[in-house]
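To start, the structure itself, in structure tokens.
Numbering (full-length UniProt numbering), first residue to last: 1 to 134.
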């Protein structure tokens with residue numbers, strides 16, 4: 001077990017109680033379900049209520065479990081792992097926007113080109129109106 005920053009345990013407790021609104025047992029069940037869906041659940045990686053209690057009070061957790069917890073927090077609620085882990089996190093957003101994996105990049109690129117053409121046309125019109133040349 002590694003001892004991590006005092007803030008991590010406090011932040012995880014706050015997230016568990018204020019964002020997820022779960023008891024330690026319910027939260028552990030959610031994490032284990034998440035790990036099971038991703039086929040990451042094994043004997044060593046399984047969370048228990050004791051794991052959460054140690055993390056929240058003693059700030060003690062293995063690096064593998066910490067990684068699983070950070071992935072769980074991000075995937076379920078978009079919580080920024082850096083915000084949870086870093087001591088001086090005042091400038092970091094607590095939530096991250098998930099990337100739009102279902103957006104077609106070619107359609108997006110085409111849409112950007114169309115907008116760029118409209119901007120160019122408006123700029124040319126404005127420049128001609130002002131008597132300026134590009």
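Glycine included, every Cβ here is placed at the ideal spot set by N, Cα and C.
If you're wondering where the values come from, they're calculated on a predicted model, not measured in any experiment.
- Taking each of 106, 59, 131, 75 in turn and checking the Cα distance to residue 85, the smallest one comes out for 59.
- Counting only runs of at least 4 residues, the region 26-91 fully encloses the following alpha helix (DSSP H) elements, listed from N- to C-terminal order: 49-58, 63-77, 81-85.
- Cβ contact annotation for residue 31 (same chain, cutoff 8 Å, sequence separation greater than five): 47, 68, 69, 72, in chain order.
- Burial is judged here by how many other beta carbons sit within 10 angstroms of a residue's own beta carbon; residue 16 has at least 16 and is buried.
- Its Cα nearest to that of residue 38, the residue 76 stands out among 26, 116, 76.
- The beta-bridge partner set that DSSP reports for residue 20 is empty.
- Around the C-beta of residue 126, fewer than 16 other C-beta atoms lie within 10 Å, and the residue is accordingly described as exposed.
- Distance from the CA of residue 45 to the CA of residue 66, rounded to the nearest whole angstrom, comes to 10 Å.
- In its chain, beyond the 5 residues on either side, 44, 45 have a beta carbon closer than 8 Å to the beta carbon of residue 64.
- With contacts defined as CB atoms closer than 8 Å, residue 49 and residue 25 qualify as a contacting pair.
- Beyond the five residues adjoining it in sequence on each side, residue 79 comes within less than 8 Å, by CB distance, of 15, 19, 73, 94, 95, 96 in the same chain, given in chain order.
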